[in-house]
Amino acid sequence: MEYVLDKLIEKYREDIVRCTRNLVRIPSVKDTPLPQMPFGRPIGECLDETLALCRSLGMRTKNCGGYAGWAETGSGEELCGVLVHLDVVPAGDGWTHPPFGGLMEDGKIYGRGTVDDKGPAAASIFALKAIMESSLTLSSRIRIIFGTDEENDWACMDHYKEQEEIPSAGFSPDAEFPVIYAEKGILFATLAKEGTLPEGIPYIRSLSGGRRANMVPDECRAEIALPEPDAAFVRQLKAAADSAGEAEVTVSGSLITVRTAGKTAHGSTPENGVNAISVMMNVLAPVMTENSFQKDFLDFYMSHIGSETDGRSMFGSLSDEPSGKLVLNAGVLTMDTHSAALKLNIRYPVTYTGTHIWQRLTKAAADAGLRAVIDLNSEPLYADADSHIVQTLLSVYHSYCPDGSVPIAVGGGTYARSMPNSVAFGPVFPGKAELAHCPDEYISVEDLILSAKIYAGAMYRLAGRKEDVL
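1 is the number of the first residue of the sequence shown in full-length UniProt numbering; add one for each residue after it.
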């Protein structure tokens, strides 16, 4: 079985690469809604192009009102699902290659979405095409489901589940190999405070940092207004900036501009980045000492978050054996003369519930006079590591990579948690860097082709005629 599919995947090598590069060239970041394009034109065009390709390959397709789409083959009552997404996070800064160029260099394809999740989508499409072209017999249908709002609110999956058939089993190629049996819970929340400012004190006229709650912010900018030029305040601010990290202070009379830089990373692995908002807080907190709602907010940040990525000051040392410790990312902060708002992305261990985390968060906020709003909560995925779906996918992976690896838990969240009997499966191989949401995101061509072979084998093992695959 593997030999037949592998040979066909090699035949489609250039098609897989071309498809990945073409999809990356579409900047499918969420945008202004349009008719039949609820997440904006770029995402809508990416979905249209993907479905057109699938139709040209002989697959049955459907556009689900612009929210999602699917392509399938086979027949039968059962449905095996492969869950991918076509939307991406904003490019951010720090790139040395065009983020939407699909550039090939040294055997790698560079661009936003190469790993997360357009490369895996292309690999899945041609894995399914290989099965269609082979002489292998299916006992059920295989459907690739193309989501378009994974990086935001998952409204695409909500719409799909309301309108379309739910797979009985499947996988999402949106994480790591060998196979993911547990995904931490994900809670998005906003902490806010409003107030007025006393006259005659230094104040933050504006502050803005970060693009998405699930991205480590790589830049933050603040404007501080002084009641009059104050050399002592400026000296103190510059001293704080010198000790805080990548910070720059510019003075123009009684207006001071502070810029801080960080390093972006995925919100599930903030320890791999440098949070520019936290750098900014380390600059401002020591000098903004006059009583105001702004000072209260800065003090809360420093006492409950600071430079931590494990949330221990707010939640205690929360962890469990299956999935490890809680992860906290302060992703977006805005502040002006009337209000402040901080967007958090919290990844909590699989043996805890969103209610447990929410209670602790709201208490910490209320004690400091802040208002907490829950934006989204996705309960953990926690599959039995010995279940049929996990062991089947692990077996397929080991047939290509006999490295003895075992199922793992991750902080990232995939569509697998939205469907029954589904788990995440690749595309990042053990020991390889996790580049999702990072500058110069790339996937190597060899990893892309190997993942396509693994996905073809997995699809067939899940949907093939039982007497053939057992």
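No residue lacks a Cβ here, since even glycine has one placed at the ideal position from N, Cα and C.
Since residue i contacts residue j with CB under 8 Å, what's their CB separation in whole angstroms?
i	j	result
Ser-378	Ile-186	4 Å
Asn-282	Ala-231	Not really, about 22 Å apart at Cβ, beyond 8 Å.
Leu-344	Ala-213	7 Å
Ala-463	Ala-123	At roughly 17 Å, the Cβ-Cβ gap does not stay under 8 Å, so Ala-463 and Ala-123 are not in contact.
Phe-39	Thr-148	5 Å
Gly-69	Phe-146	5 Å
Glu-441	Gly-111	7 Å
Ser-422	Ala-169	7 Å
Leu-284	Glu-308	Incorrect: roughly 18 Å between the Cβ atoms, too far for contact.
Ala-458	Phe-171	6 Å
Gly-209	Val-332	7 Å
Gly-102	Ile-443	Their Cβ separation, rounded to whole angstroms, is 11 Å, which puts Gly-102 and Ile-443 out of contact at 8 Å.
Can you give the Cα-Cα distance for residue i and residue j, rounded to whole angstroms?
i	j	result
Ile-346	Phe-188	6 Å
Val-4	Ser-140	19 Å
Ser-292	Ala-192	14 Å
Thr-362	Arg-205	27 Å
Phe-100	Thr-289	44 Å
Met-280	Tyr-400	47 Å
Arg-221	His-398	48 Å
residue 476	Met-335	Past the edges of the chain, shown from 1 to 470, lies residue 476, and the structure says nothing about it.
Leu-448	Lys-11	14 Å
Ala-71	Tyr-382	28 Å
residue 502	Leu-376	Here the chain has residues from 1 to 470 only, and residue 502 is not among them.
Thr-50	Asp-320	40 Å
His-304	Lys-184	21 Å
Val-82	Ile-144	5 Å
Lys-325	Pro-349	6 Å
Lys-263	Arg-60	42 Å
Asp-174	Val-24	16 Å
Glu-77	Gly-58	20 Å
Glu-151	Phe-300	28 Å
Lys-30	Arg-41	9 Å
Pro-322	Ala-225	49 Å
Cys-46	Ile-109	18 Å
Asn-272	Glu-434	9 Å
Ala-409	Ile-180	6 Å
Asp-403	Pro-420	28 Å
Val-17	Leu-79	28 Å
Gly-426	Lys-129	19 Å
Met-302	Ser-278	8 Å
Met-157	Val-216	25 Å
Ile-9	Pro-270	35 Å
Leu-470	Pro-98	Caution is warranted here: a pLDDT of 43 is assigned to Leu-470, below 50, making its placement in the model unreliable, and the coordinate value is therefore given only provisionally. Rounded to whole angstroms, Leu-470 to Pro-98 spans 46 Å at the Cα level.
Val-428	Val-396	15 Å
Ala-239	Leu-342	26 Å
Ser-178	Ala-456	In the sequence on display, residue 178 carries Pro and not Ser. For Pro-178 and Ala-456, the distance between alpha carbons rounds to 15 Å.
His-159	Ile-374	21 Å
Asp-15	Val-251	54 Å
With which residues is residue i paired in a DSSP beta bridge?
i	result
Tyr-348	Gly-185
Cys-220	Gly-209 and Thr-260
Phe-146	Gly-69 and Val-84
Pro-427	Ala-175
Asp-336	Ser-206
Ile-180	Ile-408 and Ala-424
Ile-109	Met-104 and Ile-443
Tyr-382	Ala-182
Thr-250	Thr-257
Lys-193	Ala-340
Asp-320	Gly-324
Ile-374	Ala-189
Leu-138	Gly-464
Leu-5	Paired residue(s): none; Leu-5 is not in a bridge.
Gly-170	Gly-81 and Ser-422
His-266	Met-215
Ala-225	Tyr-203 and Leu-255
The beta strand (DSSP E) that contains residue i, what's its start and end?
i	result
Asn-22	Not the beta strand (DSSP E): Asn-22 falls in the alpha helix (DSSP H), residues 13-24.
Arg-60	60-64
How would you write the range of the alpha helix (DSSP H) that residue i sits in, first residue to last?
i	result
Lys-161	155-163
Ala-452	445-463
Tyr-400	388-400
Phe-233	231-244
Trp-95	From DSSP, Trp-95 is part of no alpha helix (DSSP H); its letter is neither H nor E.
Met-419	Per DSSP, Met-419 belongs to no alpha helix (DSSP H) and is neither H nor E.
Ser-313	312-315
Glu-45	41-56
Thr-355	354-367
Ala-127	118-133
Say whether chain D places a C-beta atom closer than 8 Å to the C-beta of residue i.
i	result
Pro-173	Absent from the structure is chain D; it holds one protein chain and no more.
Alpha helix (DSSP H) runs contained entirely in the stretch 272-297, provided each spans 4 or more residues: Counting only runs that start and end inside the stretch 272-297, the alpha helix (DSSP H) elements of at least 4 residues fall at 276-284.
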